[in-house]
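Report on the following structure.
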Amino acid sequence: MGNLTPEMRLIHEEVKELARNYGLDTYDVVFEVVDYDELNMIASYGGFPTRYPHWRFGMEYEQLSKSYAWGLSKIYELVINNDPCYAYLMRANSLTDQKLVMAHVYGHCDFFKNNYWFSKTNRKMMDVMANHGTRIRKYMDQHGVETVERFVDSVLSLDNLIDIHSPFIKRDREPGEAPPMVQETPKIGAKDYMDRYINPPEFLEEQKQLLRDEREQHFRFPQEPTKDVLKFLLENAPLESWEQNIVAMLREEAYYFAPQGMTKIMNEGWAVYWHSKLMTQHLLQPEEVILYCDHHSGTLATSPGQVNPYKLGVELFRDIEERWDRGKFGLEFQRIEDEDVRRDWDQNLGLGREKIFEVRKIHNDVTFIDNYLEADFAADQKLYVYGFNERTRQYEILDRDWTKVKNQLLWSLTNFGQPSIYVVDGNLGGRNELYLYHDWTGVDLQFEMASETLKNVFSIWRRPVHLETREEGKPRLMSFDGKDYEFRELSPSKEASEIVGTESGKEGSQP
Amino acid sequence: MVHRIDKDHNRFREIVRGRIKKDLKKYVSSGEMIGKQGKKYVSIPIPQINMPRFRFGKNPEGGVGQGEGEEGDPVDGDEEGEGQAGEDEGQHVLEVDVSLEELAKILGEELELPRIEPRGNKAVETIGGAWRSIRRTGPESLRHFKRTFAEALKRQIAAGLYDPEDPKIIPIPADKRFKSQKMVTQPQTNAVIIYMMDVSGSMGREQKEMVRIESFWLDTWLRTQYKNIEVEYIVHDAAAHIVDQHTFYHLRESGGTKISSAYELCLQLMKQKYNPFEWNIYPFHFSDGDNWSSKDTEHCIDLLRDQIVPAVNQFSYGQVKSAYGSGQFIKDLQAAFKDDERVVCSDIQDRDGILPSIKEFLGRGK
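So the protein sequences, as listed, match chains B and R. Residues 21 to 531 in the working numbering are what the first sequence spells out, letter by letter. Residues 21 to 386 in the working numbering are what the second sequence spells out, letter by letter.
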């Protein structure tokens, strides 16, 4: 498999051997050499050349090919999380670039295989995507391109409404029988004369309430608020079977791509770490050094007002490696305040390599930053928080305080920097209306867009839909009943937010 | 494989142009990338369709950045594209990439113009490319080793980095030279457009402007249909002259009108330069319809019937409305060539009439 030239095949063998010796653990990697246009095309399809037809991929393609044609950007690597792991190389690249990319790909592939957040992804996604393509094409033949595409559009506009943690949660207790009506209060067995001490009236009342709640919860629909809006729609909206299948397929694709969004910084950082290690210590020939440095520094270049995930990721991995090599962790180290002592601290533990392998196994971007980004690192990397200054009408550096930097970063990474939306009630007022709840964390929705999105929810649910959110902290209700859209104030309802029981609390946690 | 993305791409383009799925049109936004062409900065339009989603609004816009600077310093380079694009040199940014071809395509689609079937086949010659040229950018695989080496050598000598004892030449990216293909275009089928315009006193500024707009679009469309196209301009009042493009659009003369003078010159031109067996000929004549005498009109019709029309693909007459003209000429022509498909007359009342008139002229695919 693959179509490498003999020369490249030799390099591949070498890279594979080196990667294995360093302990990288990958699926088989298949390299495919393609020209720039094919690469742009495959990239437009998110790496899967056999995907279903959709104009969005054409849009992607236009952007990629224009920006390539004008020399603004060029895709170096494209790796697919699959077993075997497929990776694409651009034919016109120099051999040095191909080496770099191959080494980089091995980093990604190790990450895909071993990072916990990828453990539930389907490793035969190439086939799955092809099947999805075939099915959607078939539906287009049966029901017309317009009809199917319109439905796909609606679902795509909701495909961020999934619960990225749900693959890891065991749930779906079989919806057994409802708990019985409260007739007799369950008592703790006791002799008559002890009864009023062991089962005092307050206790009995509490027990009754618990049972009532449990019963009420059983009849609530959904029983617990769910963030997996797509799943709820899939199971409960009045859809035809082809529509149901489309929701199921697009939801599956969304879950497949989600871990890549959750680990962008780590994944790229890990790949850069390994390409730079393999290249500088083993693969580079003297005449290739300049080209390599040029391209490597291009990858890690930072521009103001942006965080480069490649740069942040690799620097943090290297920082962790160094800290664990020198024993710069734990209580003893943290208590040291003298900067010189801190800097020169070295216990020669040599635990770095082991540590970074562990980190790449169990973390995602949020926990990675949360656990390892510290004051020294933020200062070394010159990180800052910026914001818009209304007075000067420009973006300005606000703060270099590392806790603020960290908070801002974490905020932007949590839930992919997107609002959390829950289904709270699928049978509002017994009228089969859908009630969604936005867990407001200090930032308002883009209301115009939200109203359009709500219309798309309606086009799937087909009964009136509502979204509870807030505008500058004040409760609002957006409703669409198929004809009219309404945006109105809501008397502060504590109910929904209590049902959701948010982790972040109701006050704004936006730094 | 490539075919598949083309289909998706076309569908996207059609949505952007509002031809299909009009309900998505409202989500289309026009982004841009800043690119560089030579020393000029150019804006490359990137239309996008943003599907609605539940997203955060704008209020606390901000984020984390990396780099030098004090608190309160502005954060630059938040624009798209390359860093300081358009800043250092205060350059004008040009719109690019709506190529004329694309415009013509849109025009063709809007007006549902048929493709023109060329008449008469001159031997078709192909377009060849030879690797004869050198460029400063290109893929590594086309790097010209000797040129690159020479550039690096020159630079190192100039910078005093060259040591004859230890002649190490290290090229930097700016030294690189790449082989490049030089396109050699050769004519396939030939076409000539002969524009004739009445510039007599009755043709005012507005009338000329209408002719200008119309002929630009005619030109654009015909250019997409033929690889090699010649354009000739004739102006006339009582006498006709061959002029260049600039004069054609700007000249204002006063005086009488003798349309036959233009037709005679046109005929003469065809005899001298454009043999009808080798050329597809498209004469267009614009006037306000006022001729000197009905006798001259008769002469015109004779010229057309006997000599011009049989030799050309299509003869087109566009009559723009003016305050002074009688507008008689179009009626005479229509009467004389009622059943002749090769003669197309179009009455252009005002600017809104331009588009339908183009369709009348080009709608027959001749």
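Beta carbons: idealized from backbone N, C-alpha and C, even for Gly.
_P495(B) - partner residues in DSSP beta bridges_ = R490(B)
*Roughly how many angstroms separate the alpha carbons of H29(R) and V50(B), rounded to a whole number?*
28 angstroms
_Residues in the same chain with beta-carbon distance under 7 angstroms from F171(B), minus the five sequence neighbours each way, listed in chain order, please._
E263, I266
*Close Cβ partners of I519(B) (< 7 angstroms) along its chain, the five nearest in sequence each way excluded*: Low confidence applies to I519(B): its pLDDT is 46, below 50, so where it sits in the model is not reliable enough to give any reading.
*Applying the criterion that 16 or more other CB atoms from any shown protein chain within 10 Å of the CB defines a buried residue, is D17(R) buried or exposed?*
As displayed, chain R neither begins before 21 nor continues past 386, which places residue 17(R) out of reach and without an answer.
*With respect to the beta strand (DSSP E) encompassing D367(R), which residues constitute its N-terminal and C-terminal limits?*
363-368
_Less than 7 angstroms between C-beta atoms, sequence neighbours within five positions excluded: which residues of the same chain meet that for L510(B)?_
E488, P495, R496, L497
*Cβ of A112(B) within 8 angstroms of Cβ of L98(B)?*
no
*C-beta contact flag for P69(B) and K27(R) at 8 angstroms*: no
*Mind listing which residues of the region 96-118 of chain B have their C-beta closer than 9 angstroms to chain R's C-betas, in chain order?*
M110, R111, A112, N113, S114, L115, T116, D117
*Pairwise C-alpha distance: K86(B) and W151(R)*: 24 angstroms
*Take D501(B) and list the residues in its own chain whose beta-carbon comes closer than 6 angstroms to its own, dropping the five residues that flank it on each side.*
P484
*asked:* Cutting at 7 angstroms between CB atoms, please list the residues of its own chain near E226(R), excluding the five before and the five after it.
replied: none
_For F188(B), count the other beta carbons within 10 Å of its own beta carbon; 16 or more makes it buried, fewer makes it exposed. Which is it?_
exposed
*State buried or exposed for F268(R), treating a residue as buried only when at least 16 other CB atoms are found within 10 Å of its CB.*
buried
*C-beta neighbour in chain B for F76(R), strict 8 angstroms*: yes
_Can you confirm whether E145(R), when its beta carbon is compared against all beta carbons of chain B, has any partner nearer than 8 angstroms?_
Bear in mind that the predicted position of E145(R) carries a pLDDT of just 47, short of 50, making it unreliable; the figure below should be weighed with that in mind. Cβ-Cβ to chain B under 8 angstroms: no for E145(R).
*Residue(s) in a DSSP beta bridge with H261(R)*: V255(R)
*Applying the criterion that 16 or more other CB atoms from any shown protein chain within 10 Å of the CB defines a buried residue, is E226(B) buried or exposed?*
exposed
_Near-chain R residues of the region 155-177 of chain B (beta-carbon distance less than 7 angstroms), N- to C-terminal order_ = D173, L176, S177
*Roughly how far, in whole angstroms, is the beta-carbon of I279(R) from the beta-carbon of D316(R), given that I think they are within contact range, below 8 angstroms?*
6 angstroms
*Rounded distance between the beta-carbons of L393(B) and L336(B), thought under 8 angstroms*: 7 angstroms
_What are the residues in the region 344-378 of chain R lying within 8 angstroms of chain B by C-beta distance?_
none
*Can you list, in chain order, the residues of the region 398-411 of chain B whose Cβ is nearer than 9 angstroms to any Cβ on chain R?*
Q401, K402, L403, Y404, V405, Y406, G407, F408, N409
*Where does Q334(R) sit, in a helix, a strand or coil, going by DSSP?*
coil
*asked:* Quick check on the burial criterion: 16 or more other C-beta atoms within 10 angstroms. Buried or exposed for N287(B)?
replied: buried
*Find the residues of chain R that neighbour F467(B), judging by a C-beta separation of less than 8 angstroms, and give them in chain order.*
G77
_Whole-angstrom C-beta distance between P303(R) and V340(R), which should lie under 8 angstroms_ = Between P303(R) and V340(R) the Cβ distance is about 17 angstroms, and since that is not below 8 angstroms, they are no contact.
*asked:* Please classify G525(B) as buried or exposed, where buried requires at least 16 other C-beta atoms within 10 Å of its C-beta.
replied: The predicted model places G525(B) with a pLDDT of 37, which falls under 50 and marks its position as unreliable; any figure quoted below should be read in that light. G525(B) comes out exposed.
*For D385(B), which residues from the same chain have a beta carbon less than 8 angstroms from its beta carbon, with the 5 sequence-adjacent residues on both sides left out?*
M282, T283, K284, I285, M286, L433
*At a Cβ threshold of 8 angstroms, is E171(R) touching chain B?*
no
*asked:* Going by C-alpha to C-alpha distance, which of K207(B), D215(B), D248(B), F132(B) sits closest to K228(B)?
replied: K207(B)
_Cβ pair Y42(B), K133(B) closer than 8 angstroms_ = no
*Could you please give the first and the last residue of the uninterrupted beta strand (DSSP E) stretch that includes G83(R)?*
82-86
*Where does F223(B) land, buried or exposed, given buried means 16+ other C-beta within 10 angstroms?*
exposed
_Rounded to whole angstroms, what is the Cα-Cα separation between E100(R) and Y294(R)?_
Residue confidence is low: E100(R) scores 34 on pLDDT, short of 50, so the model does not pin down where it sits. No coordinate-derived value is stated.
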